[in-house]
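**Student:** To get our numbering, take the position in the sequence shown, counting from 1, and add 21.
Idealized CB from N, CA, C, for every residue including glycine.
The model shown is predicted, which means the values in this text are computed figures rather than measured ones.
Starting off with a structure, shown below.
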Amino acid sequence: MAGWSYPATVFQPLQQKLGEASLFACDWPTFVADWLDESAVTPDDPHPSVWVGWSLGGALLLEALRRGRIAPDRLILVNATPRFLEAPGWPGVPETEWRGLRRAARRHPDAAVAAFRRRFALPDVPGGAGDVADVSGLDWLARLDLRAVLADVTTPVECWLAPEDPLVPVDWPSRLALSPQVSCHRFTRPGHASWWHEPAELAARLSAR
């Protein structure tokens with residue numbers, strides 16, 4: 022599942038590396054509507070055995086796991102954090118910065134998305150306007166605090182982080198007493214979208230059994 026302001030097509034480089042694997046990619050508004058909305062009915066189709074979420078997508082997947090809406094064999098969180106905003110003893114994005122982005126996205130979403138991508142060296146993938154840039158996605162980021170979930174989760178969870186990520190501090194796992202089911206890994210390339218620039222590393226992990 023893609024992050025804020027990104028359509029499902031952001032995963033095309035990763036899908037190309039995975040070849041013939043059975044894959045389904047979605048954007049975060051679709052996932053919220055189908056899996057997290059109070060009126061949502063969980064689809065009868067076979068559920069993915071492995072869920073992968075990037076940034077906001079990872080946080081929403083963790084919330085769905087907490088609610089019992091998904092039950093994967095593995096959950097892979099890519100450049101994601103259980104709490105996006107900073108707090109005492111917790112590294113994160115300052116609330117003032119979050120509020121500034123939210124104001125900009127509400128007033129001029131196209132310009133806000135373009136500036137957001139430039140500032141954080143994110144991929145320029147078409148389709149960053151509309152629902153995927155809705156401020157409700159930013160509200161999810163501000164509202165969720167899932168640190169306690171990772172303390173006693175029984176589903177295998179892999180956290181993939183990158184050095185010099187300006188949005189998700191690479192050292193956040195060291196601040197928590199993590200469940201034995203949680204493993205943490207680091208990409209070689211720095212940045213919030215390192216997996217997009219070099220998808221082979223993540224593809225290899227997804228292909229592992």
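Output the distance between the C-alpha atoms of L86 and T30, rounded to the nearest integer angstrom.
**Tutor:** Computed Cα separation, rounded: 24 Å.
**Student:** So, is G89 buried or exposed, given that buried needs 16 or more other C-beta atoms within 10 angstroms?
**Tutor:** That one is exposed.
**Student:** Taking only three categories from DSSP, how would you classify G149?
**Tutor:** DSSP places G149 in coil when its eight states are reduced to three.
**Student:** Decide if G158 is buried, meaning its Cβ has at least 16 other Cβ atoms within 10 Å, or exposed.
**Tutor:** So G158 ends up on the buried side.
**Student:** Buried or exposed, going by whether 16 or more other CB atoms sit within 10 Å of the CB of R104?
**Tutor:** Buried, since its Cβ has 16 or more Cβ neighbours within 10 Å.
**Student:** Could you round the C-beta distance between A163 and W119 to whole angstroms and report it? I think they count as a contact, below 8 Å.
**Tutor:** Contact flag correct, Cβ pair sits at about 6 Å.
**Student:** Roughly how many angstroms lie between the CA atoms of P34 and H218, to the nearest whole one?
**Tutor:** Taking the straight line joining both Cα atoms gives about 8 Å.
**Student:** Indicate whether F52 and L81 have their beta-carbon atoms separated by less than 8 Å.
**Tutor:** Taking 8 Å as the Cβ cut-off, F52 and L81 qualify as a contacting pair.
**Student:** Since A108 sits in a beta bridge, which residues does DSSP pair it with?
**Tutor:** W111.
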